[in-house]
Amino acid sequence: MTTTKVWFITGASRGFGLEIVKAVLEDGDKVVATVRSNAGELADLLEQYSNLFVTKLDVTNEAQAKVAADQAVNRFGRIDVLVNNAGFGLLSAVEEATGEEVKRVFETNVFGTLNVTRAILPVMRAQQSGHVINISSVGGLSGFYGWGVYGSTKFAVEGLTEAMAQELAPLGIHASVVEPGFFRTNFLDTSSLTRTSNVIDDYADTVGAMRSFATQVNKKQPGDPAKLAQAFIRLANAEQPPVHLPLGNDTLSRYIEKTTKFQEEIEAWYDVITGTDHDDVVQ
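Each residue of the sequence shown is one higher than the last, beginning at 1429 in this note's numbering.
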């Protein structure tokens, strides 16, 4: 017996959010799609699907998040899948980013995710069921020059999700974090990616090279957003979903490279790592 799910998807007017909305509607589930301002292509979908509800939400506004959650329940009666997708990138050396730029990206990518999650979890706890899916990034698994600040927001999302997976499991609720690599969306456009105006020449060989790469690879990324959307449907329908789901061969390669290097460092520094306990601690 197939049960229709109700999805709550933030940042749904474009990019991953829009692709996931389309796939979920096609699959027959119901969707609450949130947008910060313009509904964009969702306006056309509203004419086609009665199982779509669109509402405005700035995820940095905690009160708005609670209102949107109430609207979702009033419209469809429950919330089964939360997709925290809203966010944006910052391409910058760590030193180049201003305090205001750092604060802004954390407000959306981290505190916005927390605002929406806190608004939705009471609904899921009452149901004793649900699935929180947070979108991270390959940059949340492994730091890389030019993406230090942005990646740190996604590292935060990784840690939050891992803890939530443990906290929510006894309540019948799953938590997963998805780490996409480079997918062919508008992420590298100016609409989703901020570049600092402060440029320090000493970083030309690293961050400067990344700025050039981001321009050149835009719209040529290897990942297919439509296939990513199908992966989300499979994830939401899994009886035992993973806590981590890296998507894309580039993400997998980057993670393997990191863990291999990490293991080499552990072996090289093993005596130091294991030699810091008190002498009376039994090994």
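The beta carbon of each residue, even a glycine, is placed where N, CA and C say it ideally should be.
Note: K1433 is not bridge-paired with any residue in the DSSP secondary-structure output. In the DSSP assignment, the residues bridged to H1559 are V1509, H1602. Nearest Cα to T1526 within the set D1486, T1624, N1466: T1624.
Restricting attention to V1495, R1506, E1469, the CA atom closest to the CA of K1458 is found in R1506.
In its chain, beyond the 5 residues on either side, F1436, A1497, I1507, L1510 have a beta carbon closer than 7 Å to the beta carbon of I1548.
The stretch 1587-1594 makes no contact with the stretch 1651-1664: fewer than 3 CB pairs, one atom from each, lie closer than 8 Å. For V1452, the enclosing alpha helix (DSSP H) stretches over residues 1443-1455.
In its chain, beyond the 5 residues on either side, K1582, V1585, E1586, V1605, V1606, E1607 have a beta carbon closer than 7 Å to the beta carbon of S1564. By the CB criterion at 9 Å, N1626 and S1520 fall inside the cutoff. By the Cβ neighbour-count rule, E1524 is buried, with 16 or more other Cβ atoms within 10 Å of its own. Residue state for L1663 is assigned as helix, using DSSP reduced to three classes.
For T1438, the secondary structure class from DSSP, reduced to helix, strand or coil, is coil. Contact fails between the stretch 1529-1540 and the stretch 1653-1670, because fewer than three Cβ pairs, one in each stretch, are under 8 Å apart.
An exposed status is given to A1491, since fewer than 16 other beta-carbon atoms sit within 10 Å of its beta-carbon. Under the 8 Å Cβ criterion, the stretch 1590-1603 counts as touching the stretch 1665-1684, having at least three qualifying pairs. A direct Cα-to-Cα measurement between E1695 and D1678 gives close to 26 Å.
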